[in-house]
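Notes to accompany the following structure.
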Amino acid sequence: RYLQAQAKIEMSRARRQNHPIALITIDIDHFKRINDEYGHDVGDDVLKNFTQIVSDLLRQEDLLCRVGGEEFAVLLPNTAIEQAQQVAERIRASIEEATTTVEYEGTQQALNITASLGVTPVLAEEKSLKPALKRADIGLYQAKENGRNQIIIHTQ
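Every number in the numbering used here is 743 more than the matching position in the sequence shown, counting from 1.
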């Protein structure tokens, strides 16, 4: 809901100022397996580390929201699709390179994760974020079907 409310504000501003907006959806690959294998506390640590990595790559005006268990959305005001693709690639690469150290059964374990991403423009004529979320999710699911740890841009 917060994402939808903020998106309406940003979309209205973008229409007035004729600025682009982009949306990225991100899904942590095989997150259910982490929860099943290591437990929810470790899963929570992975989520915290993930959000820290992504947040550090974003500008102050960008908005990162959790939209589901392991799915996140990033709203990028004043961002054309080409720039959004670059942001998405930085996110993907940073997540792949990072190691999350977690406590599991009394020992420190290093976990590596990857993420799949869908990227789309938010169109000026759209009244809500729903159509863009749907497009970004199509890209996200294509990225997962194509082997994960990749970005798919979906513009229509």
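Ideal Cβ positions, reconstructed from N, Cα and C, are used throughout, including at glycine.
On the premise that Leu766 lies in contact with Val865, defined as a C-beta separation below 8 angstroms, what is that separation, rounded to the nearest angstrom?
Translated into the one-based positions of the sequence shown, residue 865 becomes position 122. Translated into the one-based positions of the sequence shown, residue 766 becomes position 23. Going by Cβ atoms, the distance from Val865 to Leu766 rounds to 6 angstroms, so yes, they are a contact pair.
C-beta atoms of Ala750 and Ala867 nearer than 8 angstroms
On the sequence shown, position 7 is the one that residue 750 refers to. On the sequence shown, position 124 is the one that residue 867 refers to. No, they are not a contact pair.
Looking at C-alpha atoms only, which residue of Thr842, Leu883, Lys873 and Thr850 is the closest neighbour of Ala790?
Here residue 790 refers to the residue found at position 47 when the sequence shown is read from its first residue. It should be pointed out that residue 790 corresponds to Leu in this sequence rather than to Ala. Checking every option, the nearest Cα to that of Leu790 belongs to Thr842.
Check Ile834 in the structure and name its three-state DSSP category.
Counting from one through the sequence shown, the residue named residue 834 turns up at place 91. Reduced to three states, the DSSP call for Ile834 is helix.
Quick one: Cα of Ala886 to Cα of Ala853, how far?
The sequence position of residue 886 within the sequence shown is 143, counting from 1. The sequence position of residue 853 within the sequence shown is 110, counting from 1. Computed Cα separation, rounded: 25 angstroms.
Quick check on Ile894: does DSSP put it in helix, strand or coil?
Position 151 of the sequence shown, counting from 1, holds the residue named residue 894. Strand at Ile894.
With a floor of 3 residues, list each beta strand (DSSP E) that falls wholly inside the region 853 to 899, ordered by position along the chain.
858 to 865 and 894 to 896
Residue range of the unbroken beta strand (DSSP E) whose run includes Arg809:
Position 66 of the sequence shown, counting from 1, holds the residue named residue 809. It spans Leu806 to Arg809 - the beta strand (DSSP E) in which Arg809 sits, taken as one unbroken run.
Which of helix, strand or coil DSSP assigns to Asp711:
No statement about residue 711 is possible, as the shown extent of the chain runs from 744 to 899 and does not include it.
Nearest candidate by alpha-carbon position, reference Glu839, set Asn855, Cys808, Val845 and Val785
Translated into positions along the sequence shown, residue 839 becomes position 96. With distances taken between Cα atoms, Glu839 lies closest to Asn855.
Within a Cβ cutoff of 6 angstroms, which residues of the same chain sit near Tyr781, ignoring the five residues on either side of it in sequence?
Taking the sequence shown and counting its residues from 1, one reaches residue 781 at position 38. Counting only Cβ-Cβ distances below 6 angstroms, and skipping sequence neighbours, we find Tyr847.
Run the CB neighbour count on Asp779, radius 10 Å, all protein chains shown included, and call it buried at 16 or more, exposed below.
On the sequence shown, residue 779 is found 36 positions in, with the first residue counted as 1. That one is exposed.
Tell me where the alpha helix (DSSP H) around Thr794 begins and ends.
Stepping through the sequence shown from its first residue, residue 794 is reached at position 51. Its alpha helix (DSSP H) spans residues His783 to Leu800.
Can you tell me where the alpha helix (DSSP H) holding Ala750 begins and where it ends?
Residue numbering aside, residue 750 sits at position 7 when the sequence shown is read from its first letter. Here the alpha helix (DSSP H) through Ala750 covers Tyr745 to Gln760.
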